[in-house]
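Quick note on our numbering: the sequence shown kicks off at 403 and runs consecutively.
Note that beta-carbon positions come from the ideal geometry of N, C-alpha and C, so glycine has one too.
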Amino acid sequence: YQLAFELLKDENYETARVSFIKFIRLHQDSDFIDDAKYWLGETYYAQRLFAQALIEFEGVLTEFPNSGKIPEALLKKGFCYFELGRVEKSKQLLKSVVSQYPDSSVSRLAVQKLEMIDSVTK
Numbered sequence: 403y404q405l406a407f408e409l410l411k412d413e414n415y416e417t418a419r420v421s422f423i424k425f426i427r428l429h430q431d432s433d434f435i436d437d438a439k440y441w442l443g444e445t446y447y448a449q450r451l452f453a454q455a456l457i458e459f460e461g462v463l464t465e466f467p468n469s470g471k472i473p474e475a476l477l478k479k480g481f482c483y484f485e486l487g488r489v490e491k492s493k494q495l496l497k498s499v500v501s502q503y504p505d506s507s508v509s510r511l512a513v514q515k516l517e518m519i520d521s522v523t524k
């Protein structure tokens with residue numbers, strides 16, 4: 403997991419992706435499995451592979467409903483919807499992030515994205 407995360411930080415997205423996939427496959431009982439799934443989504447997102455990223459972020463939400471990565475997965479899911487042209491779905495999800503996680507960094511990022519969406523869709 404740590405190796406994959408370091409590769410991600412070094413922007414070596416494809417190798418990080420392979421490492422996260424391998425980690426997920428080999429360490430199903432790990433406490434880091436939800437984090438690995440989330441960061442796998444980030445490798446896709448960083449390379450603008452938004453449909454694949456969306457699948458991974460959704461996987462975090464459905465497979466790990468008690469994960470500490472839920473707020474970030476919801477946020478990034480909203481970002482993916484915007485990038486895929488599903489603006490209303492994006493706005494709906496980002497607004498729910500703001501209401502569910504007020505006074506958090508994900509809420510602030512959601513507000514910033516909503517403001518950006520409003521400025522480009524007027």
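Given a threshold of 16 other Cβ atoms within 10 Å of its Cβ, counted over all protein chains shown, does residue i qualify as buried or as exposed?
i	result
R419	buried
T445	buried
E474	buried
D437	buried
At the 8 Å Cβ level, is residue i part of the contact set with chain D, yes or no?
i	result
F407	You won't find chain D in this structure, because it holds only one protein chain.
Does the Cβ-Cβ distance between residue i and residue j come in under 8 Å?
i	j	result
L463	V499	no
K515	L496	yes
A448	Y415	yes
T417	L409	yes
K479	G461	no
Can you round the beta-carbon distance between residue i and residue j to whole angstroms, since I take them to be within the 8 Å contact cut?
i	j	result
I426	I435	6 Å
I519	S492	7 Å
W441	F466	So it is not a contact: roughly 13 Å between Cβ atoms.
G443	A455	5 Å
Output the residue ranges of the alpha helix (DSSP H) runs that lie fully inside the region 486–521 and measure 4 residues or longer, sorted by chain position. 489–502
At which residue ranges does the region 447–484 contain complete alpha helix (DSSP H) runs of 4 or more residues, listed in the order of the chain? 452–465
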